[in-house]
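From first to last, the protein sequence lines are chains D and C. First residue of the first sequence? That's 1 in full-length UniProt numbering, and the numbers climb one at a time after it. First residue of the second sequence? That's 1 in full-length UniProt numbering, and the numbers climb one at a time after it. Just so it is clear, CB atoms sit at the ideal spot from N, CA and C, and this is done for glycine as well.
Protein chains: 2
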Amino acid sequence: MQNHPPQFNQNHLLAALPPAELERLKSHLELVHMPLGDVLCESGGRLSYVYFPTSAIISLHYILENGSSSEVAGVGNEGMLGISLFMGGENTPTWATVQTAGYCYRLKGPLLLQEFNQGGPLQRVLLRYTQALITQISQTAVCNRHHTIEQQLCRWLLLTLDRLNSQELVMTQELIASMLGVRREGITEAAGKLQQAEIIRYRRGHITVLNRAGLQEHVCECYDVVKKEFDRLFRDVRK
Amino acid sequence: MQNHPPQFNQNHLLAALPPAELERLKSHLELVHMPLGDVLCESGGRLSYVYFPTSAIISLHYILENGSSSEVAGVGNEGMLGISLFMGGENTPTWATVQTAGYCYRLKGPLLLQEFNQGGPLQRVLLRYTQALITQISQTAVCNRHHTIEQQLCRWLLLTLDRLNSQELVMTQELIASMLGVRREGITEAAGKLQQAEIIRYRRGHITVLNRAGLQEHVCECYDVVKKEFDRLFRDVRK
DNA sequence: CGTAGTATGTACGCTAGCGCACAATATGGC
DNA sequence: GCCATATTGTGCGCTAGCGTACATACTACG
């Protein structure tokens with residue numbers, strides 16, 4: 001697991017800011033630990049802070065009337081939670097819960113808004129991130145329609161892996177199922193196949209990835225699309 | 001069909017601008033007719049213009065490696081095409097094609113960008129729209145996972161209806177199927193049920209909605225969520 | 001060290017939607 | 001008015017994933 005003390009630049013958005021800009025924000029950035037399962041925002045709820053994860057992962061998901069749910073995107077150290085604060089409307093129908101315990105830096109909403117409205121590099125970075133998030137959500141929509149549970153599991157594992165500095169995720173099959181919006185048994189079956197192929201190993205809430213390349217052989221194209229889009233959008237973000 | 005001459009304020013985003021702002025843009029807004037099937041943007045392609053539909057409807061969709069496709073959102077008179085121009089990155093993996101022929105006002109990309117960067121009411125309106133678009137895409141993702149073809153067809157018909165001033169859509173079942181990312185036969189079946197219930201009537205590429213309330217009885221919650229979110233975000237947009 | 005409770009494995013019938021094949025019917029262009 | 005073509009109807013068998021039920025196995029905690 002992640003034992004390093006958190007650093008500002010472990011969050012890619014903070015890291016993408018010009019040093020002077022980050023320096024200015026530092027005194028307002030508060031480090032907080034987020035426990036697994038913590039609900040940061042319910043549907044229609046208002047966030048008081050925006051969160052920049054370093055080691056935590058937050059899941060953006062919807063809960064339907066019949067109780068079933070689906071993740072539309074995850075937010076890890078590549079992003080932030082709380083875009084509705086600067087996009088307008090202040091809240092969304094989305095839920096946000098902690099999917100992997102860890103640390104975030106947080107910033108008071110009004111302060112972020114004020115900074116955003118300066119229109120400088122921070123605005124640029126946040127809008128780019130929002131664009132990347134849209135791609136992620138869109139790809140989830142398409143993937144939900146056309147790809148198998150096994151493919152989607154691989155996508156989800158890879159995206160989660162990219163947000164951690166570890167090959168092990170603390171995660172029950174039940175939880176993964178609710179993220180993907182499928183039955184727990186569906187995950188048991190798909191994960192069983194991957195384990196037989198010696199791509200992953202799991203025991204009661206711990207999944208270890210043995211062979212990342214193996215995941216990439218089983219994943220659908222959706223992972224690559226999202227990954228490349230994030231890379232592309234942040235490669236030249238400072239220009 | 002729509003025989004009125006197009007007006008600027010038929011597009012809700014343009015209508016939401018303060019009169020002075022709209023006045024300033026008018027001389028740059030060019031009215032163009034968009035024929036059915038026109039591809040405005042391929043995956044990774046760059047738009048030279050942004051488009052504000054009045055009577056046209058544009059579909060944002062993905063095409064997968066295996067050739068299947070799915071719409072992630074539609075853009076009608078409630079919105080605009082080309083958010084990536086101001087969000088950053090200039091292009092996206094999304095395709096944009098004309099789903100219903102009609103008119104759009106278009107604006108040169110660099111000009112829009114310049115206006116956006118003023119940070120005034122236009123920026124506010126465009127960001128709010130983007131937020132609403134995110135809700136629409138998210139809801140599509142969830143709907144794809146959990147709802148039946150019939151429910152999704154109703155959602156799609158209602159959303160499309162809201163963008164037209166007409167009860168009749170010019171639309172083959174084949175086209176609807178490719179939007180929803182399902183088989184054409186699936187649409188034939190679902191549409192058959194709706195026709196038997198006297199909710200719609202169709203003949204070779206023309207669908208007439210006889211009973212809008214009937215559609216709302218068969219639709220899933222997703223329609224309402226999207227609809228309400230658009231209403232909410234634009235109710236107070238000028239404040 | 002035993003046990004309660006959580007997590008995972010497995011089985012079975014069921015349904016929605018798929019893929020394919022082909023029939024039937026409408027419509028616009030000649 | 002006729003025909004080529006686009007559109008819609010229908011009928012298979014098939015599969016992925018669902019819902020349910022219950023068995024097993026791990027592990028944390030007393």
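- Taken through DSSP and simplified to helix, strand or coil, C/THR135 comes out as helix.
- For D/VAL39, the nearest beta carbon of chain C is not closer than 7 angstroms to its own beta carbon.
- Comparing C-alpha distances from C/GLY79 to each of C/TRP95, C/GLU65, C/LYS26 and C/LEU60 shows the shortest one belongs to C/LEU60.
- Between the C-alpha atoms of C/THR92 and C/LEU210 there is a straight-line separation of about 38 angstroms.
- With contact defined as three or more Cβ pairs closer than 8 angstroms, the stretch 42-56 of chain C and the stretch 94-114 of chain C are in contact.
- Proximity of C/THR140 to chain D, defined by a Cβ-Cβ separation below 7 angstroms, is satisfied.
- At least one C-beta of chain C is nearer than 7 angstroms to the C-beta of D/LEU233.
- Taking 7 angstroms as the cut-off, the Cβ atoms of C/LEU81 and C/VAL72 do not count as close.
- Assignment of beta-bridge partners to C/HIS206 by DSSP yields C/VAL170 and C/ARG203.
- Contact between C/ALA132 and C/LEU233 is confirmed by a C-beta separation of about 5 angstroms, below the 8 angstroms threshold.
- Taken atom to atom, the span from the alpha-carbon of C/CYS222 to that of D/GLN216 is near 33 angstroms.
- C/VAL219 is not a Cβ neighbour of C/GLN139, given a cutoff of 7 angstroms.
- Look at D/ILE187 here: in three-state DSSP terms it is helix.
- In chain order, ILE134 and ILE137 make up the part of chain D whose C-beta sits under 7 angstroms from the C-beta of C/ILE134.
- In this structure, the beta-carbon distance from D/ILE57 to D/ARG204 does not fall below 7 angstroms.
- For D/GLU168, the CB contacts under 8 angstroms within the same chain, skipping 5 residues up- and downstream, are MET1, HIS206, ILE207, THR208 and VAL209 in chain order.
- Considered as a whole, the stretch 78-115 of chain C harbours 84-87 as its complete alpha helix (DSSP H) runs of no fewer than 4 residues, in chain order.
- Judged by beta-carbon spacing, C/ASN165 lies beyond the 7 angstroms limit of D/ARG145, meaning their Cβ atoms are not closer than that value.
- Counting along the chain, D/PRO19 sits inside no beta strand (DSSP E); it lies in the alpha helix (DSSP H) bounded by residues 19-26.
- Across the structure, C/ARG184 and C/GLU42 are spaced so that their CA atoms are roughly 23 angstroms apart.
- One finds MET87 and GLY88 in chain D with Cβ atoms closer than 7 angstroms to the Cβ of C/LEU127, taken in chain order.
- Identification of residues in the stretch 209-230 of chain D having a C-beta nearer than 7 angstroms to some C-beta of chain C yields GLU221, VAL225 and GLU229, given in sequence order.
- Excluding residues up to 5 positions away in sequence, THR54 lie with their Cβ nearer than 8 angstroms to the Cβ of C/GLN7 in the same chain.
- Counting along the chain, the unbroken beta strand (DSSP E) around D/HIS33 starts and ends at 30-34.
- Under the criterion of beta carbons closer than 8 angstroms, C/HIS28 and C/LEU157 do not qualify as touching, at roughly 35 angstroms.
- A contact is defined here as three or more CB-CB pairs under 8 angstroms, and the stretch 169-188 of chain D fails this definition with respect to the stretch 170-181 of chain C.
- Short of 6 angstroms from the beta carbon of D/ILE83, and not among the five residues preceding or following it, lie these beta carbons of its own chain, in chain order: THR130.
- With respect to C/ILE199, C/GLY186 sits apart: the two C-beta atoms are not nearer than 7 angstroms.
- Considering only C/PRO121, C/SER68 and C/ARG155, the residue with the shortest C-alpha distance to C/PRO18 is C/PRO121.
- Taking 7 angstroms as the cut-off, the Cβ atoms of C/LEU31 and C/LEU22 do not count as close.
- C/GLN173 sits away from C/THR160, with the two beta carbons spaced by 7 angstroms or more.
- For C/GLY79, no chain D residue has a Cβ inside 7 angstroms of its Cβ, as the nearest lies near 13 angstroms away.
- Only buried fits C/ARG128, as 16 or more other CB atoms lie within 10 angstroms of its CB.
- Counting along the chain, C/LEU164 sits inside no alpha helix (DSSP H), nor does DSSP assign it H or E at all.
- What D/GLU65 touches in chain C, judged by beta-carbon distance under 9 angstroms, is CYS220 and GLU221, going in chain order.
- Boundaries cannot be given for C/GLY119, as no alpha helix (DSSP H) includes it and DSSP labels it neither H nor E.
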